[in-house]
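Student: Mind looking over this structure? Questions follow.
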Amino acid sequence: MQQENQIEVLNDLIRINNDRIEGYRKAAEQLKDDRSSLIPVFDKLQAESQANTIDLKNEVLRLGGSPDEGTTAGGKIYRAWMDVKATFGGDNPASVLVSCEGGEDAAKRAYKSAVESGDLGDSSSIVMSQRDAQLLSHDQIKILRDQYNS
């Protein structure tokens, strides 16, 4: 039972990282005409989540589970909202960063929940390392958002 819970928690983190990958892809797409200096930041954070996903999938496989390939329902709604906002002129850097911060907040909650679940077993060091990196990414997006909103 413990191993099943561990796999479930890891798959939740795979889905939230898949949300981040898609969210940052969408953010870069919305700013491509701006030639924004934010695009390399978004590319870096997308690559961070891709690496996280690979590590998490390897953990799930090591535990005998099937890695999830999907995204969360909330992530799908969030990306649809980004599309609607862009349609109505919300595709400026400040607006996109506000949306990105919302995605980072969701990832922060997911990692906090995973760590507090007590179900990580021997995967805890990987997850805690990813959580620490994600917190830095969250803070980076928040700082950028503040800079673009001032």
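Here the numbering used here runs 155 ahead of the position in the sequence shown, where the first position is 1.
Where a beta carbon is used, it is the ideal one built from N, C-alpha and C, also for glycine.
All of these numbers come straight from a predicted model, not from anything done at the bench.
Who are the near neighbours of residue 243 in its chain, counting only those whose CB is closer than 7 Å to its CB and skipping five residues on each side?
Tutor: Residue 243 sits at position 88 when you count from the first residue of the sequence shown. Unreliable placement is indicated for residue 243, whose pLDDT of 45 sits below 50; no coordinate value is reported for it.
Student: Under three-state DSSP, which class holds residue 211?
Tutor: One-based indexing of the sequence shown puts residue 211 at position 56. Correct three-state label for residue 211: helix.
Student: Could you name the residues of the same chain whose beta carbon sits closer than 8 Å to that of residue 187, not counting the 5 residues immediately before and after it, in chain order?
Tutor: Here residue 187 is taken as the residue at index 32 of the sequence shown, counted from 1. Only 194 meet the Cβ criterion.
Student: Buried or exposed, going by whether 16 or more other CB atoms sit within 10 Å of the CB of residue 278?
Tutor: Position 123 of the sequence shown, counting from 1, holds the residue named residue 278. A residue is called buried when at least 16 other Cβ atoms come within 10 angstroms of its Cβ; residue 278 meets this threshold and is buried.
Student: Specify whether the region 212-220 and the region 170-185 touch according to this definition: at least 3 beta carbon pairs, one from each stretch, less than 8 Å apart.
Tutor: no
Student: Rounded C-beta distance between residue 248 and residue 189? I'm assuming under 8 Å.
Tutor: The residue labelled residue 248 in the question sits at position 93 within the sequence shown. The residue labelled residue 189 in the question sits at position 34 within the sequence shown. Your pair residue 248 and residue 189 checks out as a contact, with CB atoms roughly 7 Å apart and the cut at 8 Å.
Student: Go ahead and pull the three-state DSSP assignment for residue 218.
Tutor: Your numbering for residue 218 matches position 63 in the sequence shown. If DSSP states are grouped into helix, strand and coil, residue 218 belongs with coil.
Student: Starting from the C-beta of residue 226, find all residues in its chain whose C-beta is less than 8 Å away, skip the five residues before and the five after it, and write them out in chain order.
Tutor: By one-based count along the sequence shown, residue 226 stands at place 71. Closer than 8 Å at the Cβ level, and outside the excluded window around residue 226, lie 170, 173, 174, 177.
Student: What would DSSP say about residue 291, mapped onto helix, strand or coil?
Tutor: The residue labelled residue 291 in the question sits at position 136 within the sequence shown. It is helical.
Student: Output the distance between the C-alpha atoms of residue 271 and residue 184, rounded to the nearest integer angstrom.
Tutor: Numbered from its first residue, the sequence shown carries residue 271 at position 116. Numbered from its first residue, the sequence shown carries residue 184 at position 29. Computed Cα separation, rounded: 35 Å.
Student: In the structure shown, what three-state DSSP assignment does residue 305 receive?
Tutor: Sequence index remark: in the sequence shown, residue 305 carries index 150 (1-based). Here residue 305 sits in coil by DSSP.
Student: Does the beta-carbon distance from residue 164 to residue 269 come in below 8 Å?
Tutor: Numbered from its first residue, the sequence shown carries residue 164 at position 9. Numbered from its first residue, the sequence shown carries residue 269 at position 114. Result yes, Cβ atoms of residue 164 and residue 269 sit closer than 8 Å.
Student: Quick check on this structure: which residue in 191, 206, 157 has the alpha carbon closest to the alpha carbon of residue 303?
Tutor: Here residue 303 is taken as the residue at index 148 of the sequence shown, counted from 1. Answer by Cα proximity: 191.
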